[in-house]
Amino acid sequence: MNTLELQRVGENNLGYMAYKDENGRYYLDIDMVEGKNPETLYHCCPSDDMDGEPDFPLWAKFEILNPLSDKELRMQHFHFEYSMLSRLKDECEAFVGKTGNEEDDKWDCRYHNVRNIWGTTINDQVSEMKRLWSKIPEDIKPQWCTWEEILELSRKANEIN
Numbered sequence: 001m002n003t004l005e006l007q008r009v010g011e012n013n014l015g016y017m018a019y020k021d022e023n024g025r026y027y028l029d030i031d032m033v034e035g036k037n038p039e040t041l042y043h044c045c046p047s048d049d050m051d052g053e054p055d056f057p058l059w060a061k062f063e064i065l066n067p068l069s070d071k072e073l074r075m076q077h078f079h080f081e082y083s084m085l086s087r088l089k090d091e092c093e094a095f096v097g098k099t100g101n102e103e104d105d106k107w108d109c110r111y112h113n114v115r116n117i118w119g120t121t122i123n124d125q126v127s128e129m130k131r132l133w134s135k136i137p138e139d140i141k142p143q144w145c146t147w148e149e150i151l152e153l154s155r156k157a158n159e160i161n
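At position 74 of the sequence shown (counting the first as 1) the number is 74 in the numbering used here, and the numbers step up by one without a gap.
Here is the structure:
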């Protein structure tokens, strides 16, 4: 029996990692064991739509041609930290004003309004951002949120308070 060669194509709308074979059929990793490449995949129904529902298990031997790298596997362990840091950063940016134009910024309910952010105070918000950022290992820190950006948001937020 031939080994089925699959390409990782990304997550579908249900959050499952999707793989595609050379015939355009999709398979899903519904077990999603963190830190591992899949051992069992499930047929996608309909088979030509990666956003379809998981169906019966794939019994054929398969090989993933572009498996998750060690770095990607390590990044999975910090999914919560990335997600929360993204949320907190977005809220801080909205609090200080994303555009710099008060007329545009005031339409956001978080603009200069501490009641609509995660933290009880803006200092709590920034402290949590610093804690999350520090928790992520140096080689997988997000490029979209640097330590300098956190300090700059803190400075701008404290000018408002």
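Cβ coordinates follow ideal geometry from the N, Cα and C atoms, glycine included. For clarity, every value in this text was computed on a predicted model and none was experimentally measured.
Measure the alpha-carbon distance for Glu39 versus Cys45 and round it to whole angstroms.
-> Residue numbering aside, residue 39 sits at position 39 when the sequence shown is read from its first letter. Residue numbering aside, residue 45 sits at position 45 when the sequence shown is read from its first letter. Whole-angstrom Cα-Cα distance: 20 Å.
Under the three-state reduction of DSSP, which class applies to Glu148: helix, strand or coil?
-> By 1-based counting over the sequence shown, the position of residue 148 is 148. Looking at Glu148 - three-state DSSP - the assignment turns out to be helix.
Separation of Phe78 from Arg131, as counted between CA atoms | Residue 131 sits at position 131 when you count from the first residue of the sequence shown. Residue 78 sits at position 78 when you count from the first residue of the sequence shown. Those two C-alpha atoms are separated by around 13 Å.
What's the C-alpha gap between Gln125 and Ile117?
-> Looking up residue 125 in the sequence shown gives position 125. Looking up residue 117 in the sequence shown gives position 117. When rounded, the distance between both Cα atoms is 8 Å.
Flag this pair as yes or no: are the beta carbons of Phe95 and Ala157 separated by less than 8 Å?
-> As a working note, residue 95 is residue 95 in the sequence shown. As a working note, residue 157 is residue 157 in the sequence shown. Yes.
Beta carbon of Tyr27 nearer than 8 Å to that of His43 = Taking the first residue of the sequence shown as 1, we reach residue 27 at position 27. Taking the first residue of the sequence shown as 1, we reach residue 43 at position 43. Closer than 8 Å, so yes.
Relative to the C-alpha of Glu62, which residue among Glu53, Ser154, Glu22 and Thr120 is closest?
-> Position 62 of the sequence shown, counting from 1, holds the residue named residue 62. With the sequence shown as reference, residue 62 is identified as Phe, and Glu is not the correct amino acid for it. Ranking Glu53, Ser154, Glu22 and Thr120 by Cα distance to Phe62 puts Glu22 first.
Who are the Cβ neighbours of Glu128 in its own chain at under 8 Å, not counting the five residues just before and after it?
-> For the purposes of this step, residue 128 is identified with residue 128 of the sequence shown, where counting begins at 1. So the list reads Met84, Leu88, Trp118 and Gly119, once near-sequence residues are dropped.
Tell me, please, whether the CB atom of Pro38 is closer than 8 Å to any CB atom in chain D?
-> Note that chain D does not occur in the displayed structure, where there is just one protein chain.
Assign Lys71 to one of three DSSP states: helix, strand, or coil.
-> As a first step, residue 71 is located in the sequence shown; it is residue number 71 there, counting from the start. In the structure shown, Lys71 sits in a helix (DSSP, three-state: H, G or I).
Identify every residue that forms a DSSP beta bridge with Ile64.
-> To locate residue 64, count along the sequence shown from 1; it is residue 64. Note: Ile64 sits in a beta bridge opposite Leu6.
Assigned secondary structure, Glu81 (DSSP; H/G/I helix, E/B strand, else coil) = Numbered from 1 along the sequence shown, position 81 holds the residue referred to as residue 81. Helix, per DSSP.
Taking Glu34 as the reference, which of Leu14, Met75 and Asp51 has the closest Cα?
-> For the purposes of this step, residue 34 is identified with residue 34 of the sequence shown, where counting begins at 1. For the residues Leu14, Met75 and Asp51, the minimum Cα distance to Glu34 belongs to Met75.
Label Leu6 either buried or exposed according to how many other C-beta atoms from any shown protein chain fall within 10 Å of its C-beta, with 16 as the threshold for buried.
-> By one-based count along the sequence shown, residue 6 stands at place 6. Buried is the call here.
Measuring from the CB of Arg131, is there a heavy atom of the ligand MG at a distance below 7 Å?
-> You won't find the ligand MG in this model; it holds no ligand whatsoever.
Can you give, in chain order, each stretch of the alpha helix (DSSP H) that sits fully within the region 96-134 and has at least 4 residues?
-> 102-105
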